[in-house]
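K.L.:
Would you mind keeping the following structure in view while I ask a few things?
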């Protein structure tokens with residue numbers, strides 16, 4: 002149990018308006034011995050069973066995916082998040098993230114099967130099930146005796162999940178529901194024993210969740226395995242229910258609560274998806290680095306060329322940034338769960354509310370990390386050149402597998418709009434004070450700027466000052482947009498997307514700088530020289546993005562003096578006193594990765 006008190010940790014979204022000290026963030030370097038052992042055993046399993054046989058997953062060997070899932074169950078890797086009372090390890094949220102991270106790097110096929118089973122296949126029962134439901138199903142799911150799947154999406158209900166047409170009709174004797182409908186893109190459909198199915202009862206406004214056992218004699222049938230761009234050995238089928246009888250005691254939670262279950266499952270799914278993209282990036286960096294060190298062109302390893310160094314540096318930096326932000330948020334969630342449990346909440350309620358509290362951060366991470374893994378795999382192919390385009394090397398499959406991550410768990414477009422929309426709603430509820438800081442920024446714009454040169458002698462002092470000013474950019478742009486459009490802001494999707502990109506860059510850059518500052522204080526600046534370089538490089542890139550997106554917003558909704566004043570404010574808030582030497586930073590990072598022959602920052 003954490004001894005963290007509620008006043009010690011920020012609420013979701015408050016990173017924007019309150020300062021976070023580096024001592025208050027969790028990093029991968031803070032793992033305890035048990036967690037480090039768990040990481041090593043997970044990596045050993047992946048190297049032995051998955052990475053060594055990656056070609057089998059590309060040849061649509063669904064049986065091998067199922068076999069590996071059973072082996073993962075035997076090792077306890079499916080039970081990390083399951084409470085001990087139901088046969089699981091009952092470990093904290095950080096440990097759950099850790100296993101999800103390191104088990105997901107070899108192949109998207111297994112990663113998808115693992116995520117669908119441990120997350121949306123098992124979690125809805127542990128968090129919403131009755132005691133009887135949990136005792137009946139969760140122990141089987143925790144060991145891999147049974148596998149789970151999740152039936153939400155329909156041909157006409159994707160992002161608009163609550164519009165599903167699948168029906169659940171109560172029998173005359175009131176003993177069971179008959180479910181009829183069509184579900185699609187169902188991961189694990191080919192080998193699962195149980196589904197979480199969402200259906201509508203009568204003309205209810207919201208859908209309802211049900212636990213449905215897979216029985217071909219009970220009106221359940223399947224489409225063929227889907228032909229997909231990537232994740233070739235992830236079993237993905239349509240599932241058809243035709244008067245499938247489900248006992249009334251298998252309703253999950255209450256009638257009409259299905260949409261809430263689905264949305265909360267997505268919150269957890271989003272941060273877990275971000276975690277599932279981390280090890281994939283590390284392994285791509287490793288493979289690209291080894292190849293660049295060995296590939297001789299013009300009588301020298303291609304790693305010696307600046308064009309390749311720039312790619313390796315950016316790839317490694319993205320991986321480091323993503324780790325920093327993911328584990329920061331994971332520990333915030335774990336601490337919030339502990340606080341709620343200490344105040345008397347059940348484990349179910351504590352975990353639900355703990356994750357829900359950081360829904361903004363979950364959406365931010367889902368977008369940022371899924372886009373980074375796509376960029377990293379794309380650059381990995383480029384480093385390999387023609388060989389990268391060949392299916393004989395794992396780069397090609399890594400690129401294809403990465404593509405689905407921008408669609409899973411709500412598209413990145415949906416998540417971008419959600420992150421800002423949820424932040425505005427939190428502000429309206431008084432959970433995050435945006436109005437006060439936004440007003441202060443407005444007053445600052447009207448005042449005379451200071452021309453004093455700040456003292457940036459301490460490590461990362463200028464970078465932290467810049468982060469504080471980037472937050473003012475968001476408050477300036479978003480605050481003005483809210484003032485102008487009010488509740489209609491959600492209709493202006495292009496502005497929301499621009500604002501979300503500013504928000505995303507702030508969170509990712511700040512998380513990285515705080516991790517590096519914390520580690521430099523305890524391990525010394527020299528030991529963190531490359532991490533310092535990565536932090537500076539990422540912030541430089543973030544400033545560029547923020548300048549572009551803020552300008553796009555300002556010129557689109559402000560005019561005349563207001564526009565001129567905001568553009569001047571943007572220039573002031575994004576100004577460096579000492580511009581970093583970007584070529585020098587990239588060279589430093591790439592040389593360290595080349596010397597280590599891979600990514601060694603985790």
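In the working numbering, the protein residues as written are 2 to 603. Glycine residues also receive a C-beta, built at the ideal position from the N, C-alpha and C atoms. The structure presented is a predicted model; accordingly, all values stated were derived computationally and were not measured.
Give the range of the beta strand (DSSP E) segment to which residue 15 is assigned.
P.N.:
Element bounds for residue 15: n/a, residue is neither H nor E.
K.L.:
Kindly identify the DSSP beta-bridge partner or partners of residue 198.
P.N.:
Its beta-bridge partners are 152 and 211.
K.L.:
Can you check DSSP and say which residues form a bridge with residue 158?
P.N.:
Answer is 155.
K.L.:
Looking only at its chain, what residues have a beta carbon closer than 7 Å to the beta carbon of residue 445, apart from the 5 residues adjacent to it on each side?
P.N.:
No residues qualify anywhere along the chain.
K.L.:
Report the start-end ranges of each alpha helix (DSSP H) in the segment 522 to 589 that is 4 residues or longer and not cut off at the edges.
P.N.:
Correct list: 530 to 558 and 561 to 574.
K.L.:
Leaving out five residues before and five after residue 559 in sequence, what residues of the same chain have Cβ atoms less than 7 Å from its Cβ?
P.N.:
481 and 567.
K.L.:
Have a look at 78, 325, 237 and 286 and flag the residue whose alpha-carbon is nearest the alpha-carbon of residue 152.
P.N.:
Residue 237 is the option with its Cα nearest to residue 152.
K.L.:
Within 10 Å of its beta-carbon, does residue 430 have 16 or more other beta-carbons around it, so buried, or fewer, so exposed?
P.N.:
Exposed, since its Cβ has fewer than 16 Cβ neighbours within 10 Å.
K.L.:
For the alpha helix (DSSP H) holding residue 47, just list the boundary residues, first then last.
P.N.:
From DSSP, residue 47 is part of no alpha helix (DSSP H); its letter is neither H nor E.
K.L.:
Find out if the Cβ-Cβ distance for the pair residue 371, residue 513 is shorter than 8 Å.
P.N.:
Not closer than 8 Å, so no.
K.L.:
Tell me which residue opens and which closes the beta strand (DSSP E) that residue 186 is part of.
P.N.:
177 to 188 is the extent of the beta strand (DSSP E) around residue 186.
K.L.:
Where residue 99 and residue 36 are concerned, what is the direct C-alpha to C-alpha distance, given to the nearest angstrom?
P.N.:
Rounded to the nearest angstrom, the two C-alpha atoms are 8 Å apart.
K.L.:
Is residue 231 near residue 404, with beta carbons less than 8 Å apart?
P.N.:
The answer is yes: Cβ separation under 8 Å.
K.L.:
Closest by CA to residue 424, which one among 479, 459, 179 and 414?
P.N.:
That would be 479, whose Cα lies nearest to the Cα of residue 424.
K.L.:
Out of 419, 319, 117 and 517, which has the shortest C-alpha to C-alpha gap to residue 273?
P.N.:
Out of 419, 319, 117 and 517, 117 has the C-alpha closest to the C-alpha of residue 273.
K.L.:
Would residue 342 pass as a contact of residue 351 if the rule is Cβ separation under 8 Å?
P.N.:
Yes, the Cβ-Cβ distance between residue 342 and residue 351 is below 8 Å.
K.L.:
Restricting to Cα atoms, I'd like to know which of 10, 14, 148 and 18 is closest to residue 437.
P.N.:
Closest by alpha carbon: 18.
K.L.:
Whose C-alpha, out of 86, 119 and 64, is nearest the C-alpha of residue 74?
P.N.:
When only C-alpha atoms are compared, the closest one is 119.
K.L.:
Assuming residue 287 is part of the alpha helix (DSSP H), what are its boundary residues?
P.N.:
Segment 279 to 295, the alpha helix (DSSP H) holding residue 287.
K.L.:
Are residue 162 and residue 263 close, meaning C-beta to C-beta below 8 Å?
P.N.:
Going by C-beta atoms, residue 162 is nearer than 8 Å to residue 263.
K.L.:
Going by the DSSP bridge assignment, what does residue 241 pair with across the sheet?
P.N.:
Residue 241 is bridged to 183 and 222.
K.L.:
Among all the DSSP beta bridges, which residues are the ones paired with residue 298?
P.N.:
For residue 298, which the question treats as bridged, DSSP gives the partners 301.
K.L.:
For residue 453, count the other beta carbons within 10 Å of its own beta carbon; 16 or more makes it buried, fewer makes it exposed. Which is it?
P.N.:
Exposed.
K.L.:
Name the one or two DSSP bridge partners that residue 100 has.
P.N.:
For residue 100, which the question treats as bridged, DSSP gives no partner whatsoever.
K.L.:
Give the DSSP-derived three-state secondary structure of residue 4 in the structure shown.
P.N.:
With a pLDDT of 48 at residue 4, under the threshold of 50, the predicted position of this residue should be treated as unreliable, and no value is reported.
K.L.:
Please identify the residue among 314, 57, 484 and 239 whose C-alpha is closest to the C-alpha of residue 542.
P.N.:
Ranking 314, 57, 484 and 239 by Cα distance to residue 542 puts 314 first.
K.L.:
Taking residue 255 as the reference, which of 128, 531 and 599 has the closest Cα?
P.N.:
When each option's Cα is compared against that of residue 255, the closest is 128.
K.L.:
Tell me whether the segment 376 to 389 and the segment 266 to 286 touch, counting them as touching only if at least three CB pairs, one residue from each stretch, are closer than 8 Å.
P.N.:
With a cut-off of 8 Å, the segment 266 to 286 and the segment 376 to 389 count as touching, because enough Cβ pairs lie within range.
K.L.:
Three-state secondary structure (DSSP) at residue 248?
P.N.:
DSSP places residue 248 in strand when its eight states are reduced to three.
K.L.:
On the CB-based measure, 16 or more other CB atoms within 10 Å of its CB, does residue 156 come out buried or exposed?
P.N.:
Exposed.
K.L.:
Determine which residues share a DSSP beta bridge with residue 170 and list them.
P.N.:
Residue 170 is bridged to 179.
K.L.:
Considering only their Cβ atoms, is the gap separating residue 145 from residue 79 smaller than 8 Å?
P.N.:
Yes, Cβ-Cβ distance for residue 79 and residue 145 is below 8 Å.
K.L.:
Roughly how many angstroms separate the alpha carbons of residue 265 and residue 421, rounded to a whole number?
P.N.:
For residue 265 and residue 421, the distance between alpha carbons rounds to 18 Å.
K.L.:
With burial defined as no fewer than 16 other Cβ atoms inside 10 Å of the residue's Cβ, what is the status of residue 577: buried or exposed?
P.N.:
Classification for residue 577: exposed.
K.L.:
From what residue to what residue does the alpha helix (DSSP H) around residue 144 run?
P.N.:
Counting along the chain, the alpha helix (DSSP H) containing residue 144 begins and ends at 132 to 144.
K.L.:
Name, in chain order, the residues that DSSP records as bridge partners for residue 253.
P.N.:
Beta-bridge pairing links residue 253 to 210.
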